[in-house]
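Notes for the one structure printed next.
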């Protein structure tokens, strides 16, 4: 009773609930240090990604099979080698200055050599702070192995 007829391209197909049985996206690819869970690859299906110990997942942890037969973007697994700390202005993390470094983080193209910048806190600079345009932050800095 859940089956309904629909067209997929130039051929007929059927739907089972939200899944199309006319097109599938094929086996989802995964990074060497990643793991993918799920063995249903039809349109509407979702698979879940995790990374092996010592690696950090960058991107969405799930992928969906789209009606065009392609998966949504694949996350990547980066090995993170801790590199110590970095002093960086708040505006370099988020483009804004609001006199607080709490909760700031950066994941993206390398910034000052760091792939990941997080765990930020204000650097107390005494009277000099009042002459700075933006509060300096001390953050943990890591780069990809």
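In the UniProt record's numbering, the protein residues as written are 1 to 145.
Here a beta-carbon is modelled for each residue, glycine too, at the ideal position from N, C-alpha and C.
Quantities reported herein were computed from a predicted structural model and do not represent experimental measurements.
Q: Determine the direct distance from the alpha carbon of residue 85 to that of residue 79, and round the result to whole angstroms.
A: When only Cα atoms are considered, residue 79 and residue 85 end up about 18 Å apart.
Q: Report yes if the C-beta distance between residue 25 and residue 55 is below 8 Å; otherwise report no.
A: The answer is no: Cβ separation not under 8 Å.
Q: Drop a sphere of 10 angstroms on the beta-carbon of residue 6, count the other beta-carbons inside from all chains shown, and report buried for 16 or more, exposed for fewer.
A: Model confidence at residue 6 stands at a pLDDT of 45, short of 50, so the residue's coordinates are unreliable and nothing is read from them.
Q | Rounded straight-line distance, which links the Cα of residue 94 to that of residue 104 | A | For residue 104 and residue 94, the distance between alpha carbons rounds to 8 Å.
Q) Pick from 143, 74, 48 and 98: whose alpha carbon is nearest that of residue 122? A) The candidate whose alpha carbon is nearest that of residue 122 is 98.
Q: Reducing DSSP to helix, strand and coil, say where residue 70 ends up.
A: Residue state for residue 70 is assigned as coil, using DSSP reduced to three classes.
Q) Under 8 Å, do residue 33 and residue 51 count as touching if we go by C-beta distance? A) The Cβ atoms of residue 33 and residue 51 sit closer than 8 Å to each other.
**Q.** Through-space distance from residue 81 to residue 143, alpha-carbon basis
**A.** Rounded to whole angstroms, the gap between the alpha carbons of residue 143 and residue 81 is 6 Å.
(Q) Measuring only the C-alpha atoms, how far is residue 72 from residue 65? (A) For residue 72 and residue 65, the distance between alpha carbons rounds to 7 Å.
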